[in-house]
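Chemist: Numbering (our numbering), first residue to last: 7 to 245.
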Amino acid sequence: MRRIWQLKSISRELYLQFLIEKPFVIYFSTKMIDDIHRSLNLSPYVELKQIHSKAIWKVDSPLPPEELSGDGLITSKPGLYLVVKVADCYPLFIVDPLNIACGVFHVGWRGLKEGIVEEAVLKFKEYFHSQPENLIAVFGPGIRAEYYEVGEEFRSYFPGNIIEKDSRFYLDIFQVAVSKLRRQGVKEIYGPPADTYSNPDLFHSKRRDVELKGLNRAIIGIEKDLSLETLIEDSPYNI
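1. Since G197 and F164 are thought to touch, with beta carbons under 8 Å apart, how far apart are those beta carbons, to the nearest angstrom?
2. Just to confirm the assignment, what range does the beta strand (DSSP E) spanning A143 have?
3. So which of G166, I26, E53 and E139 has the shortest CA-CA distance to V89?
4. For the region 58–126, list the beta strand (DSSP E) runs that are entirely contained and at least 3 residues long, ordered along the chain.
5. Whole-angstrom Cβ separation of A126 and G78, contact assumed at under 8 Å?
6. Shortest alpha-carbon distance to V192 belongs to which of Y154, V113, K131 and L86?
7. With distance defined between alpha-carbon atoms, name the residue in K28, W63 and Y96 nearest to A224.
8. Considering only C-alpha positions, which residue in the set L13, I169, F30 and L98 is nearest to L22?
9. Taking K186 as part of the beta strand (DSSP E), name the residues at either end of that continuous run.
10. Please determine if the region 131–142 and the region 176–186 are in contact, where contact requires at least 3 C-beta pairs separated by less than 8 Å.
11. Give me the Cα-Cα distance between I238 and K230, rounded to the nearest whole angstrom.
12. Cα separation between G121 and F30?
13. Closest to K186 by C-alpha separation, out of L104, L98 and V92, would be which residue?
14. On the criterion of 16 or more Cβ atoms from any shown chain inside 10 Å, does N47 qualify as buried, or is it exposed?
15. Using only alpha-carbon positions, find the residue among I169, V156 and L86 that is nearest to I32.
16. Just list the alpha helix (DSSP H) runs in the region 15–51, keeping only unbroken ones of 4 residues or longer that don't cross its boundaries, in chain order.
17. Alpha carbon to alpha carbon, what distance is there between V156 and S211?
18. Return the chain-ordered list of same chain residues with a C-beta closer than 6 Å to the C-beta of V101, the five sequence neighbours on each side being excluded.
19. Cutting at 8 Å between CB atoms, please list the residues of its own chain near N167, excluding the five before and the five after it.
20. Is D207 helix, strand or coil when you go by DSSP?
21. Roughly how many whole angstroms lie between the Cα atoms of K28 and N105?
22. Going by DSSP, name the residue or residues bridged to Q12.
23. Identify whether R161 lies in helix, strand or coil by the three-state DSSP scheme.
24. May I ask you to report which of helix, strand or coil DSSP gives K171?
25. Determine the direct distance from the alpha carbon of Y153 to that of E170, and round the result to whole angstroms.
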């Protein structure tokens, strides 16, 4: 299978899906969380109270967002879907196809500065005994550097990674995150299919929209083997 983002629609609503081998599913949508999960039959799901940190939770069952403060979720539980919300920051999806585990992370400048990318790889090693070279990293849509102007103080936050043009400073969140992944030993990395800022018909953007009308949802999960479940339920040996 060619691993690539595809634009799809359901009930005339557009969403993105990253094509990857089963049992993993990866989606990106502007629809309200209940709507997208209902449309694509993705339930139960877990969300976070996001705080621009490096805090990551391992989850095995659905929990209310107020119980989880952080910016990343990981699981090896089939049938449980993980969600982060973004509006210019990048969603980073990570899959371990050997140990059947996955995660999704909210990557903005604060998270990068705190070390969320490094923490994500560390958590995969800690909980699933993952080897970084076996991980697959996928970025969903986020803001391109040319639209992400920052203050001069960012030069000290990200030495060598600030673009200076006409006395203005810009941060390329995606490239900084990729560099961090590579330093952690992750080799297979897929970039975003589009930019949030320059695609108003597709995505919400905090930098572009004077009044932010919504958030983009990044969703990952491990599908259950429904055929196996049905076989077990129908088995004549069940008592």
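Even for Gly, the Cβ is constructed at its ideal location relative to N, Cα and C.
Note that this is a predicted model, so its numbers are computed, not measured.
Modeler: On the basis of the coordinates in this document:
1. Not confirmed; about 19 Å, so no contact.
2. I142 to F145
3. E53
4. 62–64, 78–81, 87–92, 96–102 and 107–113
5. 6 Å
6. K131
7. Y96
8. L13
9. Not the beta strand (DSSP E): K186 falls in the alpha helix (DSSP H), residues I179 to R189.
10. no
11. Reliability of the predicted coordinates at I238 is poor, the pLDDT of 39 falling under 50, and the value obtained from them is presented with this limitation in mind. About 13 Å.
12. 26 Å
13. L98
14. exposed
15. L86
16. 39–46
17. 16 Å
18. F30, C108 and I142
19. L177, D178, Q181, V182 and S185
20. coil
21. 13 Å
22. Q23
23. helix
24. strand
25. 13 Å
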